[in-house]
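Below is one structure, written out as structure tokens, with a few remarks after it.
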Amino acid sequence: MNKTFQRIFAKAKSENKSCFVGFVTGMDPDYESSKQILIELSKYCSVLEIGVSFNTSTSDSSIIMSANDRAIKSGAKTEKIFQLIKDVKREITSDTAFVTMGYLNQIHVYGIDRYIEDCKKSGVDGCIVVDSNNEAPEDDQIFKGLTKNDMAFIKLIAPTNDSNYIKQSLKKCSSWVYIVSYAGVTGSKDVNLNNVKKLSKMIRKQSKIPIGVGFGIKSLDDVKKVSKLADLVVCGSSIVEKIKEGSQNGLSNKNLAQFVGEYVKQIAKGIE
Amino acid sequence: MKIPPFKEHNPPDNLGYWTNKKTGEKYGGQYISPLLIPNLKKVETGFKKAMKNEKFLADLEEQLVNHIGIVTPILRSKELEEIAGGEKKIGKIFLKRTDLHHDSSHKPVSAFSSVFFAKHILKAKKIITETGASMNARAVASACAKLNLSCEVHIGALDAEKVSLNKDITELYGADIKVCHDSTKSLLPAMAAALRSWQSDPTAMYVVGSVCGPHPYPLMVRTFASIIGRIAKKQMRDLIGKSPSTVFAVCGGGSNLSAISYPFYNEKNVDIFGIESAGKGIASGAHAATITSKAPIGILLGARSNVLMDADGQVDPSETEASGLDFSGTGPEICYMASTGRIKFRATTDKEAQETFLMMCKKTGILPAIEACYVIHAALKEIKKRKNPKENHLIHLCGSGESNVARMLKYKKDNE
Numbered sequence: 002m003n004k005t006f007q008r009i010f011a012k013a014k015s016e017n018k019s020c021f022v023g024f025v026t027g028m029d030p031d032y033e034s035s036k037q038i039l040i041e042l043s044k045y046c047s048v049l050e051i052g053v054s055f056n057t058s059t060s061d062s063s064i065i066m067s068a069n070d071r072a073i074k075s076g077a078k079t080e081k082i083f084q085l086i087k088d089v090k091r092e093i094t095s096d097t098a099f100v101t102m103g104y105l106n107q108i109h110v111y112g113i114d115r116y117i118e119d120c121k122k123s124g125v126d127g128c129i130v131v132d133s134n135n136e137a138p139e140d141d142q143i144f145k146g147l148t149k150n151d152m153a154f155i156k157l158i159a160p161t162n163d164s165n166y167i168k169q170s171l172k173k174c175s176s177w178v179y180i181v182s183y184a185g186v187t188g189s190k191d192v193n194l195n196n197v198k199k200l201s202k203m204i205r206k207q208s209k210i211p212i213g214v215g216f217g218i219k220s221l222d223d224v225k226k227v228s229k230l231a232d233l234v235v236c237g238s239s240i241v242e243k244i245k246e247g248s249q250n251g252l253s254n255k256n257l258a259q260f261v262g263e264y265v266k267q268i269a270k271g272i273e
Numbered sequence: 378m379k380i381p382p383f384k385e386h387n388p389p390d391n392l393g394y395w396t397n398k399k400t401g402e403k404y405g406g407q408y409i410s411p412l413l414i415p416n417l418k419k420v421e422t423g424f425k426k427a428m429k430n431e432k433f434l435a436d437l438e439e440q441l442v443n444h445i446g447i448v449t450p451i452l453r454s455k456e457l458e459e460i461a462g463g464e465k466k467i468g469k470i471f472l473k474r475t476d477l478h479h480d481s482s483h484k485p486v487s488a489f490s491s492v493f494f495a496k497h498i499l500k501a502k503k504i505i506t507e508t509g510a511s512m513n514a515r516a517v518a519s520a521c522a523k524l525n526l527s528c529e530v531h532i533g534a535l536d537a538e539k540v541s542l543n544k545d546i547t548e549l550y551g552a553d554i555k556v557c558h559d560s561t562k563s564l565l566p567a568m569a570a571a572l573r574s575w576q577s578d579p580t581a582m583y584v585v586g587s588v589c590g591p592h593p594y595p596l597m598v599r600t601f602a603s604i605i606g607r608i609a610k611k612q613m614r615d616l617i618g619k620s621p622s623t624v625f626a627v628c629g630g631g632s633n634l635s636a637i638s639y640p641f642y643n644e645k646n647v648d649i650f651g652i653e654s655a656g657k658g659i660a661s662g663a664h665a666a667t668i669t670s671k672a673p674i675g676i677l678l679g680a681r682s683n684v685l686m687d688a689d690g691q692v693d694p695s696e697t698e699a700s701g702l703d704f705s706g707t708g709p710e711i712c713y714m715a716s717t718g719r720i721k722f723r724a725t726t727d728k729e730a731q732e733t734f735l736m737m738c739k740k741t742g743i744l745p746a747i748e749a750c751y752v753i754h755a756a757l758k759e760i761k762k763r764k765n766p767k768e769n770h771l772i773h774l775c776g777s778g779e780s781n782v783a784r785m786l787k788y789k790k791d792n793e
């Protein structure tokens with residue numbers, strides 16, 4: 002297991018809490034604001050998941066697609082996201098894990114080995130690659146590269162996946178596994194706790210790996226409920242909506258970060 | 378007419394890749410969120426079962442013959458021969474008239490087959506699809522109406538304006554049309570929106586309008602569509618006693634190129650040409666010529682293939698007058714065939730295609746889809762260059778131009 006995640010899970014266990022994961026699209030709405038938002042969120046999040054924008058993603062809702070568009074317009078590029086992570090890490094004191102979330106095309110174009118090398122150099126602790134199928138040759142290359150460099154390969158498991166697919170995914174999954182709570186795109190429905198229970202049971206039959214849950218978690222109550230079932234609670238679309246709202250109201254940099262941070266601070270309390 | 382049965386002679390591997398043995402480059406595969414993997418496996422298993430199910434295949438063929446009217450003629454065009462220099466200099470030119478199908482394009486063949494497959498093999502109740510020129514949407518919606526399935530169509534906002542007639546017909550057939558305002562507002566974001574919708578509704582079946590998308594779609598669509606080529610090959614044998622010297626088809630995603638040329642892949646003395654849209658010119662960067670412009674390999678909408686994109690992997694918008702060609706990628710099997718050199722590529726500008734449209738109307742009395750004009754222009758140029766009176770040329774006239782009328786009339790008036 003990646004060492005940052007080891008420490009984070011140990012701390013959460015000693016405090017009898019789960020870990021809060023906050024997602025933002027890197028450089029949404031711009032580099033400096035995004036940097037300030039991440040610095041602010043690091044106070045409330047054990048893990049920061051940073052989206053690497055792709056303009057033709059096949060799994061994101063219009064909320065994330067719009068964030069991707071805003072980020073791309075502000076000049077988001079893979080190498081700039083690495084720079085952003087480095088800059089944020091330089092300014093924070095908390096023990097926060099950093100995860101990148103993106104699509105394979107970006108990594109393929111950047112070069113798989115170069116991507117992993119730059120993840121390592123920037124202090125990334127793990128990667129989510131939404132469309133990297135377990136059977137694809139690129140998936141093996143990413144898995145090997147991340148494992149060799151002590152970074153986590155975080156695989157998504159959906160309610161529609163069978164036990165065979167789960168088994169395949171768990172073989173390549175390290176540090177934690179990400180349960181998608183419903184069949185749909187990010188942020189489009191409410192979190193489905195029955196699916197979470199069913200999938201957790203299937204995973205637990207095969208592995209003791211920590212379980213994260215995402216998709217549809219947008220309130221304090223959602224966080225509280227999911228926190229009872231999972232080791233990590235992922236909140237994405239509603240944070241991204243807050244960024245959009247604050248930004249539309251003319252906030253930027255530290256003001257925007259505080260506005261978003263206030264929201265995250267409130268819902269992150271649910272892990273206690 | 379007894380239609381020759383399908384034969385697989387260019388299979389991908391088990392994971393859906395076509396691999397170029399010389400370069401080691403892979404085309405195809407299945408790059409998609411885990412949410413869609415079970416849906417794709419269901420389609421894959423169902424498709425294998427369908428291809429072994431003689432009753433299904435016979436029933437499908439009967440419907441294609443009697444409902445779609447798939448046995449469209451191949452007509453010799455003496456007018457085009459004259460324009461290219463005369464029969465004595467260039468040989469004979471034949472047009473495969475898939476514009477005469479039910480719903481006026483080649484699209485109803487793969488669309489109807491996919492919907493028929495969804496109903497009878499997968500037992501689906503709802504179809505999700507996307508569209509560019511709306512030919513696919515119109516064809517899928519028509520099939521859904523006939524087969525009593527509900528139909529959801531995703532269309533880019535810009536395309537919805539360009540081809541409003543086809544869109545209106547699609548609506549009359551009962552489809553629920555969802556206009557997509559994402560990124561370029563054309564076929565590509567519409568396809569991404571359709572995939573996202575399928576992710577939310579696994580009981581539905583997704584129908585791809587081209588030989589694109591994750592495995593098994595490129596394989597399935599070309600297999601269904603290739604009945605066009607099987608019929609054309611037999612018709613050419615009946616007409617001239619042999620296969621043609623050349624086969625020309627336009628290429629956006631690649632479905633109509635696959636449809637007509639697949640049965641000729643193994644016939645080395647048949648030259649196959651795929652024609653792309655050079656838009657305002659390849660050098661301008663405003664085009665849809667993925668192969669001709671030597672676009673790099675990327676991973677787009679579930680498959681590894683050549684993709685128009687920037688240095689950071691953001692997909693570049695394609696630009697062309699023809700909505701049916703407005704796509705930033707090309708199907709993986711076509712990219713593979715281009716990489717081996719089996720299919721040669723040429724590109725026609727929008728202006729050349731528009732002039733060809735007017736020429737076809739005035740000189741041949743045929744109203745072709747603007748998409749077909751890209752291939753007719755390039756074919757005439759190539760045929761003139763070959764200058765071989767012994768040759769027989771086959772051009773795929775893949776659609777009718779009703780929905781282009783308003784824009785073409787404006788073009789005509791603006792350029793008079």
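Line by line, the protein sequences are chains A and B. For the first sequence, my numbering begins at 2 and goes up steadily by one. For the second sequence, my numbering begins at 378 and goes up steadily by one. The beta carbon of each residue, even a glycine, is placed where N, CA and C say it ideally should be.
1) Listed in chain order, which residues of the region 155-186 of chain A have Cβ atoms closer than 9 Å to some Cβ of chain B?
2) Hey, does residue 214 of chain A have any beta-carbon neighbour from chain B nearer than 8 Å?
3) Between which two residues does the alpha helix (DSSP H) carrying residue 575 of chain B extend?
4) If I follow the unbroken alpha helix (DSSP H) through residue 601 of chain B, where does it start and stop?
5) In whole angstroms, what is the alpha-carbon distance linking residue 506 of chain B and residue 584 of chain B?
6) What's the gap between the Cα of residue 20 of chain A and the Cα of residue 14 of chain A?
7) Identify whether residue 677 of chain B lies in helix, strand or coil by the three-state DSSP scheme.
8) Check distances from the C-beta atoms of the region 86-111 of chain A to those of chain B and list, in chain order, the residues that come in under 9 Å.
9) Contact check, residue 25 of chain A vs residue 240 of chain A under 8 Å by CB: the rounded distance?
10) Run the CB neighbour count on residue 525 of chain B, radius 10 Å, all protein chains shown included, and call it buried at 16 or more, exposed below.
11) Does any CB atom of chain B fall closer than 8 Å to the CB of residue 78 of chain A?
12) Quick check on the DSSP output: the alpha helix (DSSP H) that includes residue 743 of chain B runs from which residue to which?
13) Checking contacts by CB at 8 Å: is residue 615 of chain B closer than that to chain A?
14) Using the Cα positions of residue 119 of chain A and residue 125 of chain A, report the straight-line distance between them to the nearest angstrom.
15) Starting from residue 66 of chain A, find everything on chain B with Cβ-Cβ shorter than 7 Å and list it in chain order.
16) At a Cβ threshold of 8 Å, is residue 60 of chain A touching chain B?
17) Between the C-alpha atoms of residue 601 of chain B and residue 586 of chain B, what's the straight-line distance to the nearest angstrom?
18) So for residue 669 of chain B, helix, strand or coil by DSSP?
19) Any beta carbon from chain B within less than 8 Å of residue 189 of chain A's own beta carbon?
20) Looking only at its own chain, which residues have a Cβ that is under 7 Å from the Cβ of residue 612 of chain B, when we skip the five neighbours before and after it?
21) Rounded to the nearest angstrom, what separates residue 599 of chain B and residue 607 of chain B at their Cα positions?
22) Got a sec, what are the start and stop residues for the beta strand (DSSP E) residue 262 of chain A sits in?
23) Residue 339 of chain B touches chain A at which residues, Cβ-Cβ below 8 Å?
24) Just the C-alpha distance for residue 730 of chain B and residue 151 of chain A, rounded to the nearest angstrom, thanks.
25) Can you check whether the C-beta of residue 689 of chain B is within less than 8 Å of a C-beta belonging to chain A?
26) Going by CA-CA distance only, name the one from B:734, B:707, B:622, B:723 that's closest to residue 468 of chain B.
27) Any beta carbon of chain B sitting closer than 8 Å to that of residue 137 of chain A?
28) How about residue 529 of chain B and residue 553 of chain B: are their beta carbons less than 8 Å apart?
29) Using a Cβ cut-off of 8 Å (strictly closer), state whether residue 70 of chain A contacts chain B.
30) Rounding to the nearest angstrom, what Cα-Cα distance links residue 68 of chain A and residue 236 of chain A in this structure?
31) Closer than 7 Å by beta-carbon distance: list the chain B residues that pair up with residue 113 of chain A, in chain order.
32) Assign residue 110 of chain A to buried or exposed, taking buried as 16 or more other Cβ atoms, counted over all protein chains shown, within 10 Å of its Cβ.
33) Assign residue 583 of chain B to one of three DSSP states: helix, strand, or coil.
34) Does DSSP classify residue 531 of chain B as helix, strand or coil?
35) Excluding the 5 residues flanking residue 22 of chain A on each side, which residues of the same chain have their C-beta closer than 8 Å to its C-beta?
36) Please return the same chain residues whose Cβ sits closer than 7 Å to the Cβ of residue 169 of chain A, not counting the five positions on each side in sequence.
From the atom records:
1) 156, 157, 158, 159, 160, 161, 162, 163, 166, 170, 181, 183, 184, 185, 186
2) no
3) 564-577
4) 594-602
5) Whole-angstrom Cα-Cα distance: 5 Å.
6) When rounded, the distance between both Cα atoms is 9 Å.
7) strand
8) Answer in chain order: 104, 105, 106, 107, 108, 109, 110, 111.
9) Indeed they touch by this definition, with Cβ atoms about 6 Å apart.
10) exposed
11) Closer than 8 Å: yes.
12) It is not in any alpha helix (DSSP H) - residue 743 of chain B carries neither H nor E in the DSSP assignment.
13) no
14) 8 Å
15) 559
16) yes
17) 12 Å
18) coil
19) It does: the Cβ of residue 189 of chain A has a partner Cβ on chain B nearer than 8 Å.
20) 451
21) If I take the Cα positions, the gap works out to 12 Å.
22) Where residue 262 of chain A is concerned, there is no enclosing beta strand (DSSP E), although the alpha helix (DSSP H) it sits in stretches over 254-269.
23) It is not possible to answer for residue 339 of chain B, since the shown part of chain B is limited to 378 through 793.
24) 56 Å
25) yes
26) Looking at the Cα atoms, B:622 is the closest of the given residues.
27) So yes, residue 137 of chain A belongs to the interface.
28) At a Cβ-Cβ threshold of 8 Å, residue 529 of chain B and residue 553 of chain B count as neighbours.
29) It does; some Cβ of chain B falls within 8 Å.
30) 15 Å
31) Within chain B, not a single residue places a beta-carbon under 7 Å from that of residue 113 of chain A; the smallest gap is close to 12 Å.
32) buried
33) strand
34) Three-state DSSP puts residue 531 of chain B in a strand.
35) 46, 47, 48, 49, 50, 100, 213, 215, 233, 234, 235, 236, listed in sequence order.
36) Leaving aside the five residues that flank residue 169 of chain A on each side, the residues in its chain whose CB is nearer than 7 Å to its CB run, in chain order, 135.
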